[in-house]
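Trainee:
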Amino acid sequence: MKAAANSSLARRGTAVSVALLLAFLAAWQWGPGVLGIPIFIIPPLSSVFEEFLRMLAVSGLATHTGITAAEVIAGFLLGSLLGAFFGYVLGMSPTAEFALSPYILALQIAPKVAFAPLFILWMGFTVYPKILVAVLIVFFPVMVNVLTAIRTVDPDMINLARAFTATRAQIFWKIEFPASLPPLFAGLRIASTLAVVGVVVGELVGGNLGLGYLLAFGEGQANTAMVFVAIVMLTVVGGIAYLAVILVEQRVLHYLPRRALRGV
Amino acid sequence: MSGVVRLEYRNVTMRFMATSGKGLAAVAEVSFAVRDGEVVALIGPSGCGKSTLLNIGSGLYTPSEGEALVDGERVQGPNRHVAFMLQKDLLLPWRTVLENVMFGVEIQRLPLPERRRRALGLLENFNLAEFAGHYPHQLSGGMRQRVALARTLAVDPSVLLLDEPFSAVDAQTRMVLQRELAQSLKRAGKTALLITHDLLEAVTLSDRVLVMSRRPGRIIDEIRVELPQRDDPIARREAPRVNDYVARLMDRLDISHSAGAPA
């Protein structure tokens with residue numbers, strides 16, 4: 006009965022979602038004309054789509070998208086790995102956390118995207134500064150979530166394992182690590198969208214590759230449709246990254262009650 | 284029940300550092316012994332150091348003075364002779380029931396076929412075999428506590444240390460769980476130290492009840508429960524002398540004179 010209620014909720018929800026999308030697309034197509042908004046402010050949907058096809062044919066849109074996607078993946082993976090690693094190390098060593106926490110806090114407060122020009126000065130107009138901005142911005146949510154997870158493991162649980170003569174390694178692999186996975190994945194979800202932000206800022210600041218470059222280029226040409234195409238493609242890249250995290254999460258955290266996994 | 288002493292506390296005193304920097308004694312000069320196959324209940328007011336004694340017995344704490352011995356060996360840290368169980372079931376949510384029962388034997392690195400054999404046998408005893416593949420969140424509180432008990436028994440300890448194991452479940456489930464505990468202790472001939480707040484539980488489940496004073500906790504009385512059927516606490520509840528034992532415990536704990544209680 007609960008399942009039936011859920012599925013009817015899902016059906017109604019999906020119907021409303023689709024209707025909203027259609028209304029939005031229609032407003033985009035005809036709204037500007039009706040309201041007399043000039044085409045260089047909001048180009049209608051059809052001209053954005055034409056621009057999309059033109060960019061595919063002559064501007065190497067696919068290549069630029071591919072480069073941005075690759076940078077996002079690299080930045081996400083490296084940043085998450087580093088973040089998780091430091092989260093576990095600091096979580097298990099109160100001394101290390103005590104010693105490093107002021108610096109970590111300072112780095113966390115500093116706006117990470119402001120490092121982009123610096124990284125470009127260091128590494129030139131390559132993909133590396135973009136990846137590095139993404140790494141930096143992804144690092145913190147992952148690290149903080151893992152650190153908190155390790156800190157909040159029930160001490161009685163650890164005592165139970167110790168009473169069973171568990172070694173430090175066994176406590177980590179059998180309790181702390183699996184207990185950290187739900188918060189880790191919550192961090193990875195945030196990280197997957199932040200990675201796109203980091204990469205775009207890097208591309209905006211310098212170089213002639215990626216969707217961020219197309220954004221800046223379209224702006225310089227006053228080609229509003231091009232800017233819209235780049236925004237849509239960035240959203241698609243971010244959406245795929247987010248979805249990929251959710252798919253892995255559902256496999257890894259299969260033991261959680263269903264409702265805990267649903268929802269965005 | 285042979286005369287061999289399984290668990291013994293010799294002049295155990297435990298002091299903790301208070302925030303003021305002064306040592307605060309939780310338990311003072313506690314000495315008692317639990318013989319093979321015996322079930323001893325430990326009761327006392329909150330904060331009298333009952334759980335501290337349990338942690339000393341399991342090797343998690345080292346006493347400030349005195350020593351604890353299990354199977355004649357001085358406890359110098361966690362060891363395979365003892366296993367404990369708390370009010371919280373402490374099941375791991377990412378493990379199935381079967382995997383949770385195997386947790387202790389897995390840590391002790393028993394071979395996998397032996398782990399499975401023991402765990403499946405215990406699940407059978409507790410009528411949980413059909414739930415072997417379920418996850419803890421799919422079970423009721425009483426079932427979860429039975430899984431925790433099975434996990435404790437799976438390591439085949441000489442001594443079980445039980446810290447208010449059933450205080451978080453409802454009254455009816457508690458009676459069922461008490462009987463299951465009593466039966467499995469009898470079946471396996473296990474020795475147990477049971478900490479409880481429930482005077483009736485102390486009397487119906489044990490061979491002896493030790494009464495502790497307020498902090499710093501000392502043993503102030505020992506009552507031998509001379510009732511038959513230690514493996515059937517529900518039947519024991521009917522025994523007329525149960526009320527006498529409970530009344531004596533209430534008297535020793537000074538419950539009727541505590542503030543707020545009717546005169």
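Chains as they are written, first to last, in our numbering: chain A, 6 to 269; chain B, 284 to 546. C-beta atoms are modelled at their ideal positions from N, C-alpha and C, and glycine is treated no differently.
If you compare alpha carbons, which of B:V287, B:E312 and B:S450 is closest to B:S501?
Mentor: Strictly speaking, residue 501 of chain B in this sequence is Arg, with Ser absent from that position. It is B:E312 whose Cα lies nearest to the Cα of B:R501.
Trainee: Mapping the DSSP letters down to three states, classify A:S52 as helix, strand or coil.
Mentor: If DSSP states are grouped into helix, strand and coil, A:S52 belongs with the helices.
Trainee: Let me check understanding here. Comparing Cα to Cα, which of B:V295, B:I503 and B:N526 lies closest to B:L352?
Mentor: Ranking the options by Cα distance to B:L352, first place goes to B:V295.
Trainee: Determine the chain B residues that contact A:L165 at a beta-carbon separation under 8 angstroms, and present them in chain order.
Mentor: Ordered by position in chain B, the residues that pass the 8 angstroms Cβ test against A:L165 are F367, L369 and L373.
Trainee: Taking DSSP as the reference, what is the three-state secondary structure of A:N213?
Mentor: Of the three classes helix, strand and coil, the one that applies to A:N213 here is coil, per DSSP.
Trainee: A:T240 to A:L40, Cα distance in whole Å?
Mentor: So the alpha carbons of these two residues sit roughly 27 angstroms apart.
Trainee: Would A:L193 pass as an interface residue toward chain B - the criterion being a Cβ-Cβ separation below 9 angstroms?
Mentor: With 9 angstroms as the cut-off, A:L193 does not count as an interface residue toward chain B.
Trainee: For a cutoff of 9 angstroms on Cβ pairs, would you count B:E447 as touching chain A?
Mentor: So no, B:E447 is outside the interface.
Trainee: Excluding five sequence neighbours on each side, which residues of the same chain lie with their C-beta closer than 6 angstroms to the C-beta of B:K469?
Mentor: Within the same chain, B:K469 has close Cβ partners D514.
Trainee: What residues in the region 413 to 437 of chain B have a beta carbon less than 7 angstroms from any beta carbon of chain A?
Mentor: From the region 413 to 437 of chain B, only Y418 and H420 have a Cβ closer than 7 angstroms to chain A.
Trainee: Just by C-beta distance, which residues in the region 142 to 169 of chain A are closer than 8 angstroms to chain B?
Mentor: Listed by position along the chain: D159, D161, M162, N164, L165, A166, R167, A168 and F169.
Trainee: Using a Cβ-Cβ cut-off of 9 angstroms, state whether A:Q255 counts as contacting chain B.
Mentor: By this cut-off, A:Q255 is not an interface position.
Trainee: Am I right that B:D446 and B:L369 are in contact with their C-beta atoms under 8 angstroms? What's the rounded C-beta distance?
Mentor: About 5 angstroms; that satisfies the 8 angstroms criterion.
Trainee: Suppose contacts are defined by Cβ-Cβ distances below 9 angstroms. Is A:V140 in contact with A:V118 by that definition?
Mentor: Result no, Cβ atoms of A:V140 and A:V118 do not sit closer than 9 angstroms.
Trainee: As a quick exercise: from B:G387, B:T479 and B:P396, pick the residue whose alpha carbon is nearest that of B:K333.
Mentor: Looking at the Cα atoms, B:T479 is the closest of the given residues.
Trainee: Considering only residues of the same chain and omitting the five flanking positions on each side of A:A24, which have a CB-CB separation below 8 angstroms?
Mentor: Result list for A:A24: empty, nothing under 8 angstroms.
Trainee: Using the beta-carbon count (16 or more within 10 Å), is A:N164 buried or exposed?
Mentor: That one is buried.
Trainee: Considering Cα atoms alone, identify which of A:T229, A:V257, A:G243 and A:A89 is closest to A:F57.
Mentor: Closest option to A:F57, Cα to Cα, is A:T229.
Trainee: Would you say A:V4 and A:A121 are within 9 angstroms of each other, going by their C-beta atoms?
Mentor: What the structure shows of chain A is the stretch from 6 to 269, and residue 4 of chain A is not part of that stretch, so it cannot be assessed.
Trainee: For B:F367, does the three-state DSSP call read helix, strand or coil?
Mentor: In the structure shown, B:F367 sits in a strand (DSSP, three-state: E or B).
Trainee: Got a sec, what are the start and stop residues for the alpha helix (DSSP H) B:M297 sits in?
Mentor: Where B:M297 is concerned, there is no enclosing alpha helix (DSSP H), although the beta strand (DSSP E) it sits in stretches over V288 to M300.
Trainee: Starting from A:P43, find everything on chain B with Cβ-Cβ shorter than 9 angstroms and list it in chain order.
Mentor: Here the premise fails: no neighbours, minimum Cβ distance about 57 angstroms.
Trainee: Is the Cβ of A:P99 closer than 9 angstroms to any Cβ of chain B?
Mentor: For A:P99, the answer is no, since every Cβ of chain B falls outside 9 angstroms of its Cβ.
Trainee: Can you confirm whether B:I390, when its beta carbon is compared against all beta carbons of chain A, has any partner nearer than 9 angstroms?
Mentor: True, the Cβ-Cβ gap to chain A drops below 9 angstroms.
Trainee: Measure the beta-carbon distance from A:A101 to A:L95 and round it to whole angstroms, keeping in mind my assumption that it falls under 8 angstroms.
Mentor: Confirmed, about 5 angstroms.
Trainee: Below 8 angstroms on the Cβ atoms is my guess for A:P188 versus A:N150; work out the distance and round it to an integer in Å.
Mentor: Right, the Cβ-Cβ distance comes to about 4 angstroms (below 8 angstroms), so this counts as a contact.
Trainee: I want to see whether chain B comes within less than 9 angstroms of A:L171, judged by CB atoms only; does it?
Mentor: Note on residue identity: the sequence assigns Ala, not Leu, to residue 171 of chain A. Answer yes: the Cβ-Cβ gap between A:A171 and chain B drops below 9 angstroms somewhere.
Trainee: Taking just the CA atoms, how far does A:G215 sit from A:G71?
Mentor: Whole-angstrom Cα-Cα distance: 8 angstroms.
Trainee: Quick check: the Cα distance between A:P262 and A:R16, rounded to an integer number of angstroms?
Mentor: Using only the alpha carbons, I get a separation of about 21 angstroms.
Trainee: At which residues does the alpha helix (DSSP H) containing B:V380 begin and terminate?
Mentor: B:V380 -> alpha helix (DSSP H) spans V380 to V384.
Trainee: Taking the straight line between their C-alpha atoms, what separation do you get for B:A433 and A:T73?
Mentor: So the two alpha carbons sit approximately 54 angstroms from each other.
Trainee: Do B:T435 and B:L443 have their beta-carbon atoms positioned less than 9 angstroms apart in this structure?
Mentor: Yes. Within cutoff.
Trainee: Measure the alpha-carbon distance for B:A580 versus A:F103 and round it to whole angstroms.
Mentor: The displayed coordinates of chain B run from 284 to 546. Any statement about residue 580 of chain B would go beyond what the structure contains.
Trainee: In chain order, what residues of the same chain lie with their CB nearer than 8 angstroms to the CB of B:R293, ignoring the 5 residues before and after it?
Mentor: Hits under 8 angstroms: S314, G349, E350, A351 and L352.
Trainee: What are the residues in the region 331 to 363 of chain B lying within 9 angstroms of chain A by C-beta distance?
Mentor: Answer set for the region 331 to 363 of chain B: N338, S341, G342, L343, G360, P361, N362 and R363.
Trainee: Compile a chain-ordered list of the residues in the region 295 to 325 of chain B whose CB is closer than 7 angstroms to at least one CB of chain A.
Mentor: Cβ contacts with chain A come from no residue of the region 295 to 325 of chain B.
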